[in-house]
Each structure stands twice: as C-alpha cells, then as structure tokens.
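Peer 1: Sharing a structure below in structure tokens format, with a few things to ask.
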Amino acid sequence: MHRVESAQKIPIPLEEAWQFFATPVNLKKVTPPKMKMRMVDEFKGTMYEGMVIRYKVTPLAGITLPWASEITKIQKHAYFVDSMIEGPFALWHHQHHFKAIPGGTEIRDIVHYKVPLGLVGELFHPLLVKRNVEEIFSYRHQEVNSLFGKID
C-alpha cells in the first residue's frame, strides 16, 4: 500500500472551498490536461454519500481508461472520501479534509493506493506510477493556488 499526502492553505472561507471541491464538475479544473479527463456524467449539484462519479482518463502512453469513484463518506465542511470502484489502480482511497484557519481554509488530501499487477506493478511503481501520482497532486496544488491564491 502506498500513501500520498498533500496540504495547502488558501485565502477563502471554508464554505467557499467546500463548495468548489464538493462539486464534481470542478475536478476537471484541477486535473492535469495531459490526463485528458472527460466526465462521463455531468453533475450540476454537489456530491452526496453513495454518489458515483464516472470519467475517463488517459494516464499513460495514450491509453484511455474508465475511472469511477464512489463518495463513501461526507461530513459537510469537514471532509469527504472517495473510493475508486473502477479504474487503473488495484485500490484508490482518497480523503479530502477541510479546516477553517485564520485568513482562510486548509485543505489536506490523503490517498492510499495499490498498483495493479502485484509484484510486476510494484516494479513500475517508482519509475512511473509514483511520479504520475505526485505530478497530479503538484498540478492540483498549483491550480488551486491560481484559482484562489495561497497563504504562506
């Protein structure tokens, strides 16, 4: 099992940060363009427990794959959790945490994931998978700062 954790502070109220991240169509705004993310279903409202979000991504070598995540837990203005039910990983469990701080909101992401193909997949993890996952979160961090600003 692998883990990635990312945190950032942005100068907007908790409610505004929550509304942005709890709106599924905004996921595309913070996903690297090279992944060619396409939502299968366009959702206009905010997420709810049990919601399944389906999209297609091109994570590697021009291969397009389906990805579906289920929103498994929500505590409004505090956190939500999505778990991959179809996609390129053997397991993907993503926690999104939100906390009001002086001058804005702290956002913390914690992802636990397993690569597919067992030992063969693990051989490629350091060379391909880990780097791609880190790039996704680096891009997301930059885009969130571009959209909302940052608190140092």
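For the sequence shown, my numbering begins at 40 and goes up steadily by one. All residues carry an ideal CB built from backbone N, CA and C; glycine is no exception.
If distances are taken between C-alpha atoms only, which option among Lys-153, Tyr-94, Lys-83 comes closest to Met-76?
Peer 2: Minimum Cα distance to Met-76 is reached at Tyr-94.
Peer 1: Could you check the C-alpha separation between Thr-111 and Val-79 for me, to the nearest Å?
Peer 2: Each residue's alpha carbon lies about 19 Å from the other.
Peer 1: Cutting at 7 Å between CB atoms, please list the residues of its own chain near Leu-167, excluding the five before and the five after it.
Peer 2: So the list reads Leu-99, once near-sequence residues are dropped.
Peer 1: Which whole-angstrom value describes the C-beta separation of Gly-142 and Pro-50, a residue pair presumed to lie in contact below a C-beta threshold of 8 Å?
Peer 2: Confirmed, about 6 Å.
Peer 1: What did DSSP end up calling Ala-107 once you bin it into helix, strand or coil?
Peer 2: The answer is strand: DSSP assigns Ala-107 an E or B state.
Peer 1: In terms of residue numbering, what span does the alpha helix (DSSP H) encompassing Glu-88 cover?
Peer 2: Per DSSP, Glu-88 belongs to no alpha helix (DSSP H) and is neither H nor E.
Peer 1: Quick check: the Cα distance between Arg-42 and Val-150, rounded to an integer number of angstroms?
Peer 2: Going from the Cα of Arg-42 to the Cα of Val-150 covers about 6 Å.
Peer 1: Flag this pair as yes or no: are the beta carbons of Lys-153 and Glu-145 separated by less than 8 Å?
Peer 2: Not in contact: Lys-153 and Glu-145 (Cβ atoms no closer than 8 Å).
Peer 1: Three or more C-beta pairs closer than 8 Å, one from the stretch 53–73 and one from the stretch 114–127: is that the case here?
Peer 2: Yes, the stretch 53–73 touches the stretch 114–127.
Peer 1: Looking only at C-alpha atoms, which of His-180, Lys-83, Gln-181, Phe-128 sits nearest to Ala-61?
Peer 2: Checking every option, the nearest Cα to that of Ala-61 belongs to Lys-83.
Peer 1: Cβ atoms of Leu-162 and Pro-127: under 8 Å apart, would you say?
Peer 2: No; because the gap between Cβ atoms is not below 8 Å, this pair is not in contact.
Peer 1: For the ligand ADP, is there any heavy atom lying closer than 7 Å to the beta carbon of Glu-145?
Peer 2: Among the ligands in the structure shown, none appear at all, so the ligand ADP cannot be discussed.
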